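Residues in the sequence shown are numbered consecutively from -1, following our numbering. Every residue, glycine too, gets a C-beta built ideally from N, C-alpha and C. The model shown is predicted, which means the values in this text are computed figures rather than measured ones. Down below is the structure, laid out as structure tokens.
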Amino acid sequence: FWEIAREETLLDFERAVFDKDLDYRDLFTTRTTFVNPKLASMYQVLAPDPDGFAEVLLPADIPRRGLLGQVSLLALYAHPTSSSATLRGKLVRTVLLCGEIPPPPVDVNTALPQPTPEAATLRDREKAHLADTFCAGCHLRMDPIGLGLENFDGIGRYREKDNGAVIDASGDLDGVPFKDAKDLADVVASHPDLPGCFVRRMYEYATSSAR
């Protein structure tokens, strides 16, 4: 499945760079992508081509947009059986915006509480991390961002509920509010740190100098 997800992302870059000469920010906000029948099923759209990849316009009524809505990133920055606000938030903060997050202490317990009727969603269970001053300094720079992608489970399927409770995907990125993943894509695309970081990442990729 990883090869399928990777192909979608590569085709989107090819379309943006070689076919359409788009503004790089469109990579984060576009509803246009490429799917094969397997991805089409996951994205809840009809497959334009029964045998391979073809261009498709994603539905307007789900907050799946651009790179942050693709299973290649959503599944890569998650746990094998669940989503992860920390990993996805770190993706935005460090990979897309070139922010710095120090590594956690070697002996810190990073486990979250198990879901309960009173704390069913990841946001509810994350409150323990964000309330602990020992953890909050780093997690406040990642988790509120990653919670904006909570409408997607660990492999990137869209959902509205987690353990039976409605997901609240709202938050803010450096003081700019968003209500869901669609809004988060717009906020990332307009973030002042994105242009310089995007150039830096492209240079690292071109020169094989990524850390």
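Secondary structure note for G169: its beta strand (DSSP E) is the uninterrupted segment G169 to L171. Burial of P61 is indicated by the presence of at least 16 other C-beta atoms within 10 angstroms of its C-beta. By the Cβ criterion, the segment 90 to 105 is not in contact with the segment 34 to 51, since fewer than three pairs of Cβ atoms, one from each stretch, lie closer than 8 Å. Contact between K159 and I165 holds, since their C-beta atoms are separated by about 6 Å, short of 8 Å. Per DSSP, the continuous beta strand (DSSP E) segment holding E53 begins and ends at A52 to L55. When beta bridges are read from the DSSP output, T114 appears opposite A117.
The shortest CA-to-CA distance from V33 to any of D59, S70, S207 and D24 is the one to S70. By the C-beta density criterion, R121 is buried, having at least 16 other C-beta atoms within 10 angstroms.
For H137, the secondary structure class from DSSP, reduced to helix, strand or coil, is helix.
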